[in-house]
Amino acid sequence: MKLDGSYGEGGGQILRTAVALSAVTGERVEINNIRKNRPKPGLSAQHVKAVESAAALCNGKVAGCKLHSTDLIFEPGKIKAGVFDIDIGTAGSITLILQCLMPIAMHSPGSVRLNISGGTDVSWSPTIDYLRSVTLGALSLMGCVCDIRLVRRGYYPRGGGCVEADIAPAALRKIVLETNECTLVRGISHSSRLPAHVAERQASSARDILKREGSDADISIETRDDPSTGSGVTLWCGAAGGSALGKPGLKAETVGSIAAEALLAELRTGAGVDEFLADQLIPYMALAGGGSFTTGVISLHTRTNIWVTEHFLDVKFKIEEHGNGLFRVSV
């Protein structure tokens with residue numbers, strides 16, 4: 027199979043989904059024009075590591091897996107169980123690596139342990155708390171058995187975070203997420219190598235905004251002395267989440283308010299899942315052989331994941347207007 031890596035979203039997502047489904051289906055894939063229209067085209071270090079790790083999980087063979095390469099051939103072998111140590115380097119996203127590896131591990135003949143070092147809370151990727159609470163919350167309803175433990179947080183630019191993921195073989199089942207019945211917001215406000223009041227102020231700001239909207243919130247405080255310096259807030263309510271990361275010059279109160287407003291924006295839609303979970307669920311729904319959800323936005327990431335998934339699996343997704351500004355995605 028050949029895929030145009032510049033299609034749709036045209037970023038690393040095509041690569042991650044294609045490699046994951048190649049390993050699961052056993053179908054060889056050639057991807058061209060990888061990240062062609064990005065400021066720095068081709069594979070970055072974390073993309074290389076994702077492909078190498080996927081190949082390790084399935085005894086695969088790879089050609090073109092090097093920095094800045096725009097063409098890649100992935101030829102999967104047999105998926106195996108075991109323990110795999112993965113060091114992305116600096117603050118490369120651990121959650122994006124897991125997006126690629128989790129579907130593969132679920133199809134192994136036995137349990138898989140992934141020890142991954144890199145960034146746990148970095149820009150342009152889900153936070154580790156979002157993955158653990160929102161993504162895994164939905165996948166557990168589909169039969170996924172996955173335990174992700176946070177050992178150390180890793181923020182940009184130093185990284186140094188560490189996560190242990192235990193994934194058991196699973197036969198995925200259909201899921202229907204067309205409403206969000208959750209009434210309690212949960213969350214975590216965290217910091218490392220910063221005064222304790224930073225995480226407390228982030229949480230207090232988020233609570234105040236949520237309370238004004240009539241939402242109760244249980245937000246825990248986490249202060250650490252991990253190798254990298256940083257802070258952030260992740261909030262969730264059912265299959266909806268909101269997060270924000272601290273940075274120099276940004277007040278702690280602002281970080282908390284950004285996360286709270288992001289979550290509230292999703293909850294106001296009345297959708298079953300948020301915009302970001304929507305694209306993540308696509309390959310799992312296809313592997314389960316069916317399912318549906320509603321969401322407030324059909325992002326380019328979601329459309330792109332549908333396009334990739336339909337190339338590998340004998341499924342056809344349907345997107346339809348659902349009323350009240352919502353969209354229903356089904357397969």
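Using our numbering, you'd call the opening residue of the sequence shown number 27 and step up by one each time. Glycine included, each C-beta is placed from N, C-alpha and C at the ideal position.
Mind checking whether residue 164 and residue 123 have CB atoms under 8 angstroms apart?
No, the Cβ-Cβ distance between residue 164 and residue 123 is not below 8 angstroms.
Following the continuous alpha helix (DSSP H) through residue 29, name the residue where it begins and the one where it ends.
Note, residue 29: premise wrong, no alpha helix (DSSP H); beta strand (DSSP E) at 28-30.
Pick from 68, 47, 181 that is closest to residue 93, judged by C-alpha positions
With respect to the C-alpha of residue 93, the residue from 68, 47, 181 having the closest C-alpha is 68.
Can you check whether the CB of residue 187 is closer than 8 angstroms to the CB of residue 143?
At the C-beta level, residue 143 and residue 187 come within 8 angstroms of one another.
Buried or exposed by the 16-neighbour rule on C-beta atoms within 10 Å, applied to residue 111:
By the Cβ-count criterion, residue 111 is exposed, with fewer than 16 other Cβ atoms from all chains shown falling within 10 Å of its own Cβ.
With DSSP collapsed to three states, give me the class of residue 158.
Looking at residue 158 - three-state DSSP - the assignment turns out to be helix.
Along the alpha helix (DSSP H) that carries residue 295, what are the first and last residues, could you check?
Looking at the DSSP string, the run of the alpha helix (DSSP H) that includes residue 295 is 278-295.
Can the beta-carbon of residue 291 be found closer than 8 angstroms to that of residue 261?
Note that the C-beta distance between residue 291 and residue 261 is not below 8 angstroms.
Cβ-based neighbour list, residue 46, same chain, cut-off 6 angstroms, excluding 5 preceding and 5 following:
So the list reads 126, 129, 130, once near-sequence residues are dropped.
Do residue 233 and residue 245 come within 8 angstroms of each other at the CB atom, strictly closer than that value?
Yes; because the gap between Cβ atoms is below 8 angstroms, this pair is in contact.
Alpha-carbon spacing of residue 42 relative to residue 228, whole angstroms:
Going by the C-alpha atoms only, they are around 33 angstroms apart.
Going residue by residue through the stretch 80-121, where are the continuous beta strand (DSSP E) segments of at least 3 residues, counting only ones entirely within it?
Runs found: 87-89, 98-101, 108-113.
N-terminal and C-terminal residue of the alpha helix (DSSP H) that residue 138 is part of
Residue 138 -> not in any alpha helix (DSSP H); beta strand (DSSP E) instead, spanning 138-144.
Rounded to whole angstroms, what is the Cα-Cα separation between residue 193 and residue 34?
Distance between the alpha carbons of residue 193 and residue 34 is about 30 angstroms.
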